[in-house]
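Numbering (my numbering), first residue to last: 88 to 489. Just so you know, even glycine gets a beta-carbon here, dropped at the ideal spot from N, CA and C. Beneath this line is the structure, given in structure tokens, with notes to follow.
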Ligand SMILES: C[S@@+](CC[C@H](N)C(=O)[O-])C[C@H]1O[C@@H](n2cnc3c(N)ncnc32)[C@H](O)[C@@H]1O
């Protein structure tokens with residue numbers, strides 16, 4: 088209840104209180120409608136697991152220990168970085184509240200506590216900004232909520248996704264590994280999450296964009312736990328993926344992607360100095376965001392940022408965009424473009440069209456609303472303002488030092 092009120096207060100500060108109220112009421116009305124008529128009754132089974140005990144498997148423990156050592160080093164070094172690399176108030180509050188298992192593990196050097204959060208973040212009871220675990224957990228409590236989840240969140244999204252491909256893809260393409268004890272649903276025996284539909288769509292598009300590059304370097308800023316990365320990389324034979332993020336979320340991505348692809352060569356912060364040479368040596372590289380300064384010009388084929396630049400301070404966003412622009416050929420981003428986040432000091436984040444992308448150097452290929460957000464109730468929801476952008480470096484700047 089408290090979180091609903093704080094979301095409404097936030098919406099008021101952002102000037103979209105009425106749209107927020109409408110967006111909150113719609114799920115209740117739709118849930119009510121489907122309480123009397125439940126077309127998804129037979130093909131969708133909701134999954135909202137309880138917390139589980141971490142595995143004692145030797146390989147798992149090695150992975151977790153490597154990530155914990157790296158986390159400790161990131162947190163130590165974070166104390167000395169420029170404040171431009173520190174989280175905005177929005178993310179600092181989230182870290183203090185929902186990632187408290189990590190901060191307590193750090194304080195008491197408690198690997199088990201660290202491992203517990205890694206094992207269960209996918210069904211975590213507090214909102215941590217990278218998965219819809221609380222949406223599922225909260226709505227599971229009532230029949231109206233469950234009907235909304237089944238029929239709107241999963242069944243309508245499934246119908247739209249099938250339509251988008253004219254039924255050419257199998258439901259199995261929506262599945263992703265359940266490491267982290269993920270919430271979601273079983274559809275025709277395939278595990279599907281709330282984010283499956285549009286991560287599958289964007290992951291496929293982004294993969295195709297660079298499918299002529301034999302071993303593409305894909306970088307992402309703020310990957311959460313790496314879901315879009317999973318959908319983008321999974322069909323590539325060879326690639327190097329770099330994730331720059333805050334230490335807490337970076338650990339989730341490292342765990343999720345290392346567990347998903349245990350055979351890939353991985354570099355974690357602190358294990359070896361990161362440099363452009365690492366791109367040839369490693370397939371997955373996880374670095375705290377301040378390491379973005381080490382990126383070389385023209386060293387990345389595709390840079391991704393999803394739901395993240397809009398959650399930072401203006402200064403942080405501008406700084407990251409500068410590094411992205413000097414390093415990449417393609418830049419795909421997906422962020423707020425109408426209502427900026429407003430932080431505790433009343434400063435506002437940058438909107439996507441305000442990012443300082445050098446126009447002489449980059450051509451805008453498209454700007455378009457993200458269907459996944461705007462149609463998430465099955466109708467246009469103007470409370471949502473997430474737009475996708477794709478930029479391509481102009482030919483005369485390819486391979487040129489900037
Ligand atoms: C809402 S989550 C989105 C995660 C993922 N991209 C997705 O769409 O599921 C925002 C991401 O931005 C990262 N982030 C927030 N503030 C940041 C900052 N100042 N520097 C680097 N990353 C930041 C968070 O750690 C998180 O990974």
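If you check the CB distance, residue 306 and residue 390 come in under 8 Å. Measuring C-alpha to C-alpha distances from residue 442 to each of 405, 393 and 384 identifies 405 as the nearest. Take the alpha-carbon of residue 452 and the one of residue 337: they are about 30 Å apart.
Annotation: the continuous alpha helix (DSSP H) that includes residue 147 extends over 145-165. The DSSP-derived three-state label of residue 455 is strand. In the structure shown, residue 420 falls within a strand segment according to DSSP collapsed to helix, strand and coil. A Cβ-Cβ distance of about 7 Å is found for the pair residue 386 and residue 304, placing them in contact under the 8 Å criterion. Between residue 210 and residue 312 a beta carbon distance of about 12 Å is seen, past the 8 Å cut, so the two are scored as non-contacting.
Note on the stretch 287-374: whole alpha helix (DSSP H) runs with a minimum of 4 residues are 314-320, 334-347 and 365-368, in chain order. Here the C-alpha atom of residue 141 lies approximately 14 Å from the C-alpha atom of residue 188. Look at the beta carbons and you see the stretch 156-164 touching the stretch 325-344: at least three pairs across the two are nearer than 8 Å. Within the stretch 163-251, the runs of alpha helix (DSSP H) at least 4 residues long that lie entirely inside it are, in chain order, 176-185, 187-194, 198-207, 220-226, 230-235 and 244-251. Under DSSP, no beta-bridge partner is assigned to residue 384. If the five residues before and after residue 220 are omitted, its C-beta is found closer than 7 Å to the C-beta atoms of 209, 210, 211 and 270, all from its own chain and listed in chain order.
Residue 301 sits away from residue 283, with the two beta carbons spaced by 8 Å or more. Relative to ligand 1, the beta carbon of residue 310 is positioned inside 7 Å of a heavy atom.
Annotated three-state conformation of residue 261 is helix, per DSSP.
In the three-state DSSP reduction, residue 406 falls in the helix class (H, G or I).
Note on residue 457: 16 or more other CB atoms within 10 angstroms of its CB, so buried under the neighbour-count rule. For residue 332, the distance from the CB to the nearest heavy atom of ligand 1 is below 7 Å.
Going by DSSP, residue 112 is part of the alpha helix (DSSP H) stretching over 104-123.
Comparing C-alpha distances from residue 476 to each of 420, 448, 429 and 446 shows the shortest one belongs to 420. Here residue 393 carries a strand assignment [DSSP, helix/strand/coil]. Residue 435: not part of any beta strand (DSSP E); DSSP gives it neither H nor E.
Taking the Cα of residue 229 as reference, the smallest distance to any Cα among 433, 480, 121 and 96 is reached at 121. Our two residues, residue 97 and residue 429, have alpha carbons roughly 8 Å apart in a direct line. Taking the C-beta atoms as reference points, residue 439 is found nearer than 8 Å to residue 397. The Cβ-Cβ distance between residue 345 and residue 356 does not fall below 8 Å. For residue 236, same chain residues with a beta-carbon under 7 Å away, outside a window of 5 residues either side, are 133, 223 and 226 in chain order. Look at residue 315: its beta carbon is less than 7 Å from one of the heavy atoms in ligand 1. Taking C-alpha positions only, residue 168 is separated from residue 179 by approximately 16 Å. With a 10 Å radius around the Cβ and a threshold of 16 neighbouring Cβ atoms, residue 250 comes out exposed. Of 446, 425 and 148, the smallest CA-CA separation from residue 436 is found for 425. At the C-beta level, residue 369 and residue 352 come within 8 Å of one another.
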